[in-house]
Ligand SMILES: Cc1ncc(COP(=O)(O)O)c(C=O)c1O
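Numbering (our numbering), first residue to last: 8 to 368.
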């Protein structure tokens, strides 16, 4: 029999854990990890390539450890008078979240989130040696300010995750929940806005709540709306003192010169990079309407994906879609599946495949 990691002298608290493992199958229609299925627009790709080529000439040197130009660009993109001292970035928002947990989690501490929520929160938490505590939501996955504040006060965590809109449910999170949780807590409050660009244009970001709240952090990613998942760039906005704490735990030069160059060039074209957002939102709403017509129960979504209930046997439906070349996500919620909004053609392929499975049943 081959060796398992459990046979090695691994940390006791890592035993029994399962690594993140969304399938990466080479299917024609991949709608399982909430990527932006539209490629980077050609007119921006040229500028990104030029920036990478320039960075390559100095690649014998370590990169700017403070990624100054990139932080400046993120501050400009987020607006709200933010300064670059309030910005942090890393290789995907997963690493941004990991930095927060390394600085504010760790052994003897707890992190808290309202289940079901992003599956990496407990993994990242436990990997730093902290304990994960899960709170609950209403049956429609929403969260009231009163309930959220009461649960947080009871758990008294060191780090709190508020996913807005929430993955895997798509549920919006009103800002009054953020302020109520902040007031009921003493720990770090992270609002994870990975999907914020897909929310209605007039819905305010938690970035507007930052002034005067030194324990509040808003994290974002270029992986979703910016169609930049493969580049691995996430970022956050917070008080400058919070950023100072993150410098203690990051690896020196953690953001490569090529990553910094590519992301800064892409941000210079933010509106072009984001131009597929409206299209994706349109496909998302089409998915919800069609799922409803097919007799499923889609949940309200402010993101680029839809969670739907009413699935008799999720693993069987998942398998049948797979055999038709369509990859979606079984997130482990009984009778539910999650699908990412793709291009019009991909979305049609998913909806047609699902309808054909239903007509077989
Ligand atoms: C809620 C949420 N936060 C963070 C991430 C991590 O994204 P990335 O590391 O690509 O920035 C994801 C990815 O799916 C997500 O759904």
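We put the CB at the ideal spot given by N, CA and C, even for glycine.
Within the DSSP bridge table, the entry for residue 118 names 139 and 166 as partners. Annotation for residue 224: the continuous beta strand (DSSP E) segment containing it runs 223-228. In this structure, residue 360 lies away from residue 314, with their beta-carbon atoms at least 9 Å apart. One alpha carbon belongs to residue 110, the other to residue 282, and they sit about 36 Å apart. Residues of the same chain with a CB within less than 7 Å of the CB of residue 105, apart from the 5 flanking positions on each side, are 131 in chain order.
Put simply, the backbone Cα of residue 178 is about 21 Å away from that of residue 321.
Membership of residue 345 in the beta strand (DSSP E) is indicated by the continuous run 344-347.
Here the C-alpha atom of residue 84 lies approximately 12 Å from the C-alpha atom of residue 280.
The way I'd put it, the segment 26-41 doesn't touch the segment 210-226; fewer than three beta-carbon pairs between them come closer than 8 Å. Excluding the 5 residues flanking it on each side, residue 72 has same chain C-beta neighbours closer than 7 Å at 259 and 260, in chain order. For ligand 1, a non-hydrogen atom lies closer than 8 Å to the CB of residue 241.
Looking only at 69, 30, 19 and 58, the smallest Cα-Cα distance to residue 273 is reached by 58.
Remark: the C-beta of residue 39 is outside contact range of ligand 1, defined as less than 8 Å to any heavy atom. Exclusion of the five residues before and after residue 309 leaves 172, 177, 178, 179, 202, 205, 206, 207 and 210 as the residues of its chain whose Cβ lies within less than 8 Å of its Cβ.
175 is the residue among 175, 151 and 162 whose C-alpha sits nearest the C-alpha of residue 340. Closer than 8 Å to some heavy atom of ligand 1: that describes the Cβ of residue 236. Residue 118 places its beta carbon 9 Å or farther from that of residue 142. Residue side-chain check: residue 337 keeps its Cβ at 8 Å or more from all non-hydrogen atoms of ligand 1.
Contact annotation: residue 27 and residue 127 have beta-carbon atoms nearer than 9 Å. Residue 199 and residue 8 have their C-alpha atoms roughly 42 Å apart. The shortest CA-to-CA distance from residue 195 to any of 167, 153 and 154 is the one to 167. Around the C-beta of residue 169, 16 or more other C-beta atoms lie within 10 Å, and the residue is accordingly described as buried.
Contact between the segment 60-70 and the segment 262-269 is present: 3 or more CB-CB pairs across the two stretches fall below 8 Å. Membership of residue 265 in the alpha helix (DSSP H) is indicated by the continuous run 264-274.
Excluding the 5 residues flanking it on each side, residue 291 has same chain C-beta neighbours closer than 8 Å at 205, 308, 310, 311, 312, 313 and 348, in chain order. Beta-bridge annotation (DSSP): residue 95 is paired with 243.
Unbroken alpha helix (DSSP H) runs of no fewer than 4 residues, entirely contained in the segment 16-69, are found at 49-63, following chain order. For residue 229, the shortest C-beta to heavy atom distance toward ligand 1 is below 8 Å. In this chain, the alpha helix (DSSP H) harbouring residue 103 covers 100-111. Residue environment for residue 233: buried (at least 16 other C-beta atoms within 10 angstroms of its C-beta). Exclusion of the five residues before and after residue 62 leaves 264, 265 and 268 as the residues of its chain whose Cβ lies within less than 6 Å of its Cβ. Per DSSP, residue 147 is not a residue of any alpha helix (DSSP H), being assigned neither H nor E. For residue 102, the CB falls within less than 8 Å of some heavy atom of ligand 1.
Secondary structure at residue 339: coil, using DSSP grouped into helix, strand and coil.
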